[in-house]
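For reference, the structure discussed in these notes is given below.
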Amino acid sequence: MFIITVIKLLLIALNIFPSRFTNRRIMFLIYMTNLVTHVMMDEPRFAQPIPNVTVAVGRDANLPCVVEHLGGYKVAWIHIDRQMILTIHRHVISRIPRYSITYADNTWLLHVNQAHQDDRGYYMCQVNTNPMISQVGYLQVVVPPNILDIESTPSSVAVRENQNINMTCRADGFPTPKIIWRREDGEEIAVEKKKKVLVYDGDVLPLTKVSRNEMGAYLCIATNGVPPSVSKRIILDVEFSPMIWVPNQLVGAPAGTDVTIDCHTEAHPKAIIYWVYNSVMVLPSKKYKTDYTENSYRAHMKLTIRNLQYGDFGNYRCISKNSLGETEGSIRVYEIPLPSTPSKQVTHTTVESRESNIIPSLRNDTTKSLQTDLYAMKNDLYAGSGSSSSGSSSSAASSSSMQTALLPGGAAGNSLSALSGGGGGKGSLAIGKSIFYTERPPNEYASSLAGAMHRLSWLGAGFVLLFAAL
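Residue numbers for the sequence shown, in mature numbering (1 follows the signal peptide of the UniProt record, and there is no 0): -18 to -1, 1 to 452.
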């Protein structure tokens, strides 16, 4: 590049002086050429520009300035933003001890140790030529995000159920950090009238009509591309009075066995939970075993009653109590009789034997009743004959034979006695014959016979009902 420049100058000189070349003029051109060459060879110049450097706060940074043909000139570093001279040649002018300078191979290296944010800006490398020459580079000092606790929501915050709350998270850093919110358990966040998102962007997280399901830890995460990212854990407590539900309100078990009853409760702040039986708190013992399992605002309480006895059956209450209220659930433990198959068979046999004893007695009573009714019919018949105004021997004989036929055990076999006095006359009946007397009875017996027949009809109906019942 330098040779080309010299040749151009010579050509220009020749064009200016195309003729009359004399020795004096040629010598002058040679001298001028040597002078220009000498000046150009000794003049300082920058071999390369200063690069822009980015460094995290607290780290070291180096800014190079490469100068060729410096000769007797001096190099100085200046912080333009502060308008501060840092170094001149090999000397540090600034009183900030974090600045230093080194020189090697035409390179003047400015060291910035443990860079601060104030060190950010433009740096000038200057050579005191006339006129002055200089070049500028930029030092970028980035700052990781930092959450400002004093401007953010505390690490634990409480709100009553169905109320609104805004959680705030502020952070600084360079570049300006971006704030995102997420739940620690990975559940969705309900914002903007039940809109649910996994990640919410913004410094303020608005929650409306907070429910107990939104209770838990929320993470505020600040990022700006400069590691490391930072986060803050904010625990949201949703307060509400206790609630209890009982899976089984009636529990049955046989005497002598063990039984377990349980209740589920929800409450925040944390509730005091216990069991009560007969107005006395149930404490762990050989008789009772209590078990409590808690998960966040939920609790599962169990009570095991060993070796159930008569005095253990009744109502057991599970009680949950906190600063906002109290509630309870009731469980009734009742006895279930043990199955006893042999005793049932004995009882069944006893019942059958009793029935077999009762049926003959009923039959005997029925027979006695029928005998009584037959005697009453006989008396009715006798009463009819006695009331007649005129009696005959045939009438008396008929009454006697009727008595013999109706009374039980009155005649042998199925024979009837003679209905008229004397043997072998009209109306007589031989023993063993199946022949009945067919002569129409006298009028005076009509009413008595009708009454007797009526009683017989009722007795027949009574027999039908009795045997149907048996």
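Using N, Cα and C, we set each Cβ at its ideal position, and we do this for glycine too.
- Non-local beta-carbon contacts of P31 in its own chain, meaning distances under 8 Å to residues more than five positions away in sequence, involve Q117, G119 in chain order.
- Shown here, Q108 sits in a strand according to DSSP, grouped into three states.
- A235: member of the beta strand (DSSP E) spanning 232 to 235, first to last residue.
- Boundaries of the beta strand (DSSP E) around V258: 254 to 259.
- Under DSSP, H98 takes part in no beta bridge, so it has no partner.
- With respect to S134, R152 sits close: the two C-beta atoms are nearer than 7 Å.
- Taking all protein chains shown into account, L232 has fewer than 16 neighbouring C-beta atoms within 10 Å of its C-beta and is therefore exposed.
- Counting other Cβ atoms within 10 Å of its Cβ, R77 stays below 16 and is therefore classed as exposed.
- By the criterion of a C-beta distance shorter than 7 Å, Y274 is surrounded in its chain by I255, A281, M283, once the five residues flanking it on both sides are discounted.
- When DSSP reads this structure, Y298 sits in a beta bridge with Y259, I313.
- The secondary-structure analysis by DSSP pairs T135 with nothing; it has no beta-bridge partner.
- When DSSP reads this structure, N148 sits in a beta bridge with P188.
- By the criterion of a C-beta distance shorter than 7 Å, M114 is surrounded in its chain by Q108, once the five residues flanking it on both sides are discounted.
- The three-state reading of DSSP puts G119 in strand, counting E and B together.
- Residue D42 holds the alpha-carbon nearest to the alpha-carbon of Q96 among L320, D42, I318, E174.
- The closest CA to that of R142, considering only D167, E308, S223, L91, is found on S223.
- L218 sits close to M197, with the two beta carbons spaced by under 7 Å.
- The Cβ atoms of G155 and P126 lie closer than 7 Å to each other.
- Straight across, the Cα-Cα distance linking E221 with A249 is about 8 Å.
- Below 8 Å, enough C-beta pairs join the segment 158 to 171 and the segment 189 to 206 to call them touching: three or more.
- DSSP places E276 inside the beta strand (DSSP E), whose first and last residues are 270 to 277.
- The C-alpha of S312 is placed about 22 Å away from the C-alpha of G238.
- Under the three-state reduction of DSSP, N128 is assigned to strand.
- One Cα belongs to V48, the other to P33, and the distance between them is close to 11 Å.
- K214 is classed as buried because its beta carbon has at least 16 other beta carbons within 10 Å across all chains shown.
- With respect to the 7 Å criterion, L52 and L92 are not classified as neighbours on the basis of their beta carbons.
- Following the DSSP letters along the chain, one finds Y292 in no beta strand (DSSP E), marked with neither H nor E.
- Contact annotation: V37 and V123 have beta-carbon atoms nearer than 7 Å.
- A residue is called buried once 16 or more other Cβ atoms fall within 10 Å of its Cβ, and L68 is buried on that count.
- At the C-beta level, M149 and I216 come within 7 Å of one another.
- Look at N195 here: in three-state DSSP terms it is helix.
- In the three-state scheme derived from DSSP, where H, G and I count as helix and E and B as strand, I243 is classed as strand.
- Secondary structure note for V49: its beta strand (DSSP E) is the uninterrupted segment 43 to 50.
- In this structure, DSSP gives H71 a state outside helix and strand, which the three-state scheme calls coil.
- Between P157 and V208, the alpha-carbon positions lie close to 8 Å from each other.
- Restricting attention to L121, P319, A140, L285, the CA atom closest to the CA of Y292 is found in P319.
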